[in-house]
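Engineer: Numbering of the sequence shown is given in UniProt numbering, commencing with residue 1 and proceeding in unit increments.
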Amino acid sequence: QVLERSRDVVDEVSVSLRLWDTFGDHHKDRRFAYGRSDVVVLCFSLANPNSLRHVKTMWYPEIKHFCPRTPIVLVGCQLDLRYADLDAVNRARRPLAKPIKPSDILPPERGHEVAQELGVPYYETSVVAQFGVKDVFDNAIRAALVSRRHLQFWKSHLRKMQRPLLQAPFLPPKPPPPLIQVPDVPPGLGGGPAALFQAPLCADVVFQLQGGHRVFAHRVYLATACSRFYDLFTLEGPPETLGEGDGGTRDLSSWGRGFLSLRWELVAEPVAGRERRMAVVAMDRGVRPEPLRAVLEYLYTGKLERPHGDLRQVGAVAELLEVFDLRMMVANELNQESFMNQEITKAFHVRRANRVKECLAKGVFADVVFRVDDGAVPAHKPLLIAGCDWMRAMFRGGFRESYADEVSLPGTNCACLRAVLDFLYTGVFTPTPDLDAMELLILTDRLCLPRLQALTGETPPPSPRSPPVSPPIPVAPDFHNARQLAAWCLHYICTNYNRVCRRFPREMKFMSPENQAHFERHRWPPVWYLKEEDLYLRSKKEREREEQLQRKQHPR
Numbered sequence: 001q002v003l004e005r006s007r008d009v010v011d012e013v014s015v016s017l018r019l020w021d022t023f024g025d026h027h028k029d030r031r032f033a034y035g036r037s038d039v040v041v042l043c044f045s046l047a048n049p050n051s052l053r054h055v056k057t058m059w060y061p062e063i064k065h066f067c068p069r070t071p072i073v074l075v076g077c078q079l080d081l082r083y084a085d086l087d088a089v090n091r092a093r094r095p096l097a098k099p100i101k102p103s104d105i106l107p108p109e110r111g112h113e114v115a116q117e118l119g120v121p122y123y124e125t126s127v128v129a130q131f132g133v134k135d136v137f138d139n140a141i142r143a144a145l146v147s148r149r150h151l152q153f154w155k156s157h158l159r160k161m162q163r164p165l166l167q168a169p170f171l172p173p174k175p176p177p178p179l180i181q182v183p184d185v186p187p188g189l190g191g192g193p194a195a196l197f198q199a200p201l202c203a204d205v206v207f208q209l210q211g212g213h214r215v216f217a218h219r220v221y222l223a224t225a226c227s228r229f230y231d232l233f234t235l236e237g238p239p240e241t242l243g244e245g246d247g248g249t250r251d252l253s254s255w256g257r258g259f260l261s262l263r264w265e266l267v268a269e270p271v272a273g274r275e276r277r278m279a280v281v282a283m284d285r286g287v288r289p290e291p292l293r294a295v296l297e298y299l300y301t302g303k304l305e306r307p308h309g310d311l312r313q314v315g316a317v318a319e320l321l322e323v324f325d326l327r328m329m330v331a332n333e334l335n336q337e338s339f340m341n342q343e344i345t346k347a348f349h350v351r352r353a354n355r356v357k358e359c360l361a362k363g364v365f366a367d368v369v370f371r372v373d374d375g376a377v378p379a380h381k382p383l384l385i386a387g388c389d390w391m392r393a394m395f396r397g398g399f400r401e402s403y404a405d406e407v408s409l410p411g412t413n414c415a416c417l418r419a420v421l422d423f424l425y426t427g428v429f430t431p432t433p434d435l436d437a438m439e440l441l442i443l444t445d446r447l448c449l450p451r452l453q454a455l456t457g458e459t460p461p462p463s464p465r466s467p468p469v470s471p472p473i474p475v476a477p478d479f480h481n482a483r484q485l486a487a488w489c490l491h492y493i494c495t496n497y498n499r500v501c502r503r504f505p506r507e508m509k510f511m512s513p514e515n516q517a518h519f520e521r522h523r524w525p526p527v528w529y530l531k532e533e534d535l536y537l538r539s540k541k542e543r544e545r546e547e548q549l550q551r552k553q554h555p556r
């Protein structure tokens, strides 16, 4: 394989290449490496300024001393270190190796200056990036054969040999955008629907059982999980339509099994202790407290918890209240087929999410109204308490909002608040065309919702070919604790720096010094590449002009 690689064809000339490396520190024997050489490739490290300095002070004079007529090609190695993560590179190096500093990295113009001073062609290579290696060998061959063309003028094939060609600059790979990691759902202080059922804050329905037992719950949880309860709670109008006294009692004995009556009255909340108007549902004497609690907890969580007494009693109450999916889960448990309950649970959550969205859109069972800058949005305290610790603290504590039916929320709009409510109700973020991402970002920061904040930053970015109406300024996301989105904004500006500067010169001019320094370090394409590309294009035009003049002076 080494012999196969040693054979090459350059400008239609077949050549055989042999490499002879110098002897390192063996100064007395190194002169034998120069003997009868056709070309000398003089290498230095682009991450070591001393190696370039030694090219002028040591290696070039030594080469000229031992082989004064041999052509030389100057090569800068380790080009990939110009754009590499130096911290990662230093960690991977030997423990006692000298760390590479950003100031050690040599720009291309330093190599060109030395090459021009010595009168030799200059190339840059990187084995890691697989760039420039073939350029070096092909042009070293050209330099060797061109130098002997005047000595072997009778060989016609040497007339086709070109001078060492110019090397196009290396464009570093475009850095990938930072990954926005969406945090997992935190357990939260509220603990979710299960904890809300155990401590029914803001309860609006109470089930009256035989023996004076009471079970508190929330209409919106029961109605969105079971059609029977939805029909039950929509029999009467909302409590606001009733008089100041207790509402009239409605007989339910002929409406459905298990229910006796429904009425509205003032009942003391089990958690806060203050009175509020609730729906009081009297249940049949066959409904026992523990099985009923198991059924209601299932309607909150979609899970069947085992430590609730006899499963057969739970199944009987579920069938009585027409909670048929729970009846199926109980049957699967009794038949040792609990693995089938996973599909039932999935279907439960899909059905619950669709009904919750319907309640949000229509305002059914809403018990609080949020006043925002452009209107009002009805909401449901139980769903807010279970999904957001900020809401739980507001409605549970001694704040004025915990007693009010209307809460003012300035500094936001209906679209943003509906997006937040939809996320808190269903756990899914669904962006809409009228949604302002920055306004939503501010609101999620106010409500302490890091997961929704990350999902907001995960929305599809604008295309680089069509810049946004306003530049993605990283200051605002950073100010509102959206660190990941701020990092993405910095990346977007860095990778579209020239385009953004042309379109938004004033905004870019007044960026903070920290951001300006970040752009200078990480902009893509980097400044050294733009300078190198400009030099390459100018040199290419000059060479084409020279070749055109030579063809005119020496026509074939």
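A virtual CB, placed ideally from N, CA and C, is assigned to each residue, including glycine. This structure is a prediction, so every number in the text was calculated from the model and none was measured.
Given that a residue counts as buried once 16 or more other Cβ atoms are within 10 Å of its Cβ, and exposed if not, what is Pro462?
Structural biologist: In this predicted model, Pro462 has a pLDDT of only 48, less than 50, meaning its place in the structure is not dependable; the value taken from the coordinates is given anyway. Pro462 comes out exposed.
Engineer: What residue from Ala347, Val368, Pro378 and Arg352 has the CA that sits closest to Lys362's CA?
Structural biologist: When only C-alpha atoms are compared, the closest one is Pro378.
Engineer: With H, G and I counted as helix, E and B as strand and the rest as coil, what does DSSP make of Asp436?
Structural biologist: Coil at Asp436, not helix or strand.
Engineer: Looking at the secondary structure, which residues open and close the beta strand (DSSP E) in which Ile72 lies?
Structural biologist: Ile72 -> beta strand (DSSP E) spans Ile72 to Cys77.
Engineer: Using the C-alpha atoms, what's the distance from Ala419 back to Glu439?
Structural biologist: So the two alpha carbons sit approximately 11 Å from each other.
Engineer: Under 6 Å Cβ to Cβ from Tyr83, same chain only, skipping five residues before and after it: list those, please.
Structural biologist: Contacts found: Pro172.
Engineer: Counting beta carbon pairs with one atom in the stretch 52-71 and one in the stretch 92-103, are three or more of them shorter than 8 Å?
Structural biologist: The stretch 92-103, when compared against the stretch 52-71, does not touch it at the 8 Å Cβ threshold.
Engineer: Please determine, among Ala294, Pro289, Phe259 and Pro270, the residue with the shortest C-alpha to C-alpha distance to Ala282.
Structural biologist: The shortest Cα separation from Ala282 among Ala294, Pro289, Phe259 and Pro270 belongs to Phe259.
Engineer: What residues are listed by DSSP as bridge partners for Ser45?
Structural biologist: Paired residues: Cys77.
Engineer: What are the partner residues of Arg396, as DSSP defines its beta bridges?
Structural biologist: In DSSP, Arg396 forms no bridge with anything.
Engineer: Tell me the rounded alpha-carbon separation between Glu290 and Glu275.
Structural biologist: Taking the straight line joining both Cα atoms gives about 25 Å.
Engineer: How many angstroms separate the CA atom of Asn341 from the CA atom of Thr444?
Structural biologist: Each residue's Cα considered, the two are about 35 Å apart.
Engineer: Do you know how far the Cα of Cys388 is from the Cα of Leu299?
Structural biologist: Distance between the alpha carbons of Leu299 and Cys388: 20 Å.
Engineer: Can you give me the C-alpha to C-alpha distance between Gln162 and Leu74, rounded to a whole angstrom?
Structural biologist: Computed Cα separation, rounded: 18 Å.
Engineer: Please classify Glu406 as buried or exposed, where buried requires at least 16 neighbouring CB atoms within 10 angstroms.
Structural biologist: Glu406 should be labelled exposed.
Engineer: According to the neighbour-count rule (16 or more other Cβ atoms, all chains shown, within 10 Å of its Cβ), is Asp80 buried or exposed?
Structural biologist: By the 10 Å Cβ count, Asp80 comes out buried.
Engineer: Buried or exposed for Phe32, please, with buried defined as at least 16 other CB atoms from any protein chain shown within 10 angstroms of its CB.
Structural biologist: Exposed: under 16 other Cβ atoms inside 10 Å.
Engineer: Could you tell me how far apart the beta carbons of Arg257 and Leu296 are, in whole angstroms, since I believe they sit closer than 8 Å?
Structural biologist: With a Cβ gap of about 17 Å, Arg257 and Leu296 do not count as contacting.
Engineer: Here's the rule I'm using: 16 or more other beta-carbon atoms within 10 Å means buried, otherwise exposed. How should Gly132 be labelled?
Structural biologist: Classification of Gly132: buried, given that the 10 Å Cβ count is 16 or more.
Engineer: Between which two residues does the alpha helix (DSSP H) containing Leu292 stretch?
Structural biologist: Counting along the chain, the alpha helix (DSSP H) containing Leu292 begins and ends at Pro289 to Thr301.
Engineer: Excluding the 5 residues flanking Ser402 on each side, which residues of the same chain have their C-beta closer than 7 Å to its C-beta?
Structural biologist: These residues qualify, in order along the chain: Met394, Phe395 and Arg396.
Engineer: Which word fits Leu360, buried or exposed, when buried means at least 16 other C-beta atoms lie within 10 angstroms of its C-beta?
Structural biologist: Leu360 should be labelled buried.
Engineer: Assign Leu266 to one of three DSSP states: helix, strand, or coil.
Structural biologist: The answer is strand: DSSP assigns Leu266 an E or B state.
Engineer: Checking 8 Å against the spacing of the C-beta atoms, do Leu266 and Arg277 come in under that value?
Structural biologist: Contact: yes.
Engineer: What distance in whole Å lies between the Cβ atoms of Ala279 and Trp255, which are believed to be in contact at a cut-off of 8 Å?
Structural biologist: Between Ala279 and Trp255 the Cβ distance is about 14 Å, and since that is not below 8 Å, they are no contact.
Engineer: What does the alpha-carbon distance come out to for the pair Thr430 and Cys416?
Structural biologist: Looking at the two C-alpha atoms, the distance is approximately 11 Å.
Engineer: Span of the alpha helix (DSSP H) holding Val120?
Structural biologist: That residue, Val120, is in no alpha helix (DSSP H); it is neither H nor E in DSSP.
Engineer: Could you compute how far the alpha carbon of Asp135 sits from the alpha carbon of Leu19?
Structural biologist: Approximately 16 Å, taken between the alpha carbons.
Engineer: Once DSSP output is grouped into helix, strand and coil, what is the label at Pro378?
Structural biologist: Three-state DSSP puts Pro378 in a strand.
Engineer: On a CA-only basis, which of His349, Leu106 and Thr249 is nearest Cys226? Give me that one, please.
Structural biologist: Nearest of His349, Leu106 and Thr249 to Cys226, Cα basis: His349.
Engineer: Do the stretch 134-148 and the stretch 112-125 meet, that is, are 3 or more Cβ pairs less than 8 Å apart?
Structural biologist: The answer is yes - the stretch 112-125 touches the stretch 134-148, with three or more Cβ pairs under 8 Å.
Engineer: With a threshold of 16 other CB atoms inside 10 Å of the CB of Thr224, please say whether the residue is buried or exposed.
Structural biologist: Buried, because 16 or more other Cβ atoms sit within 10 Å of the Cβ of Thr224.
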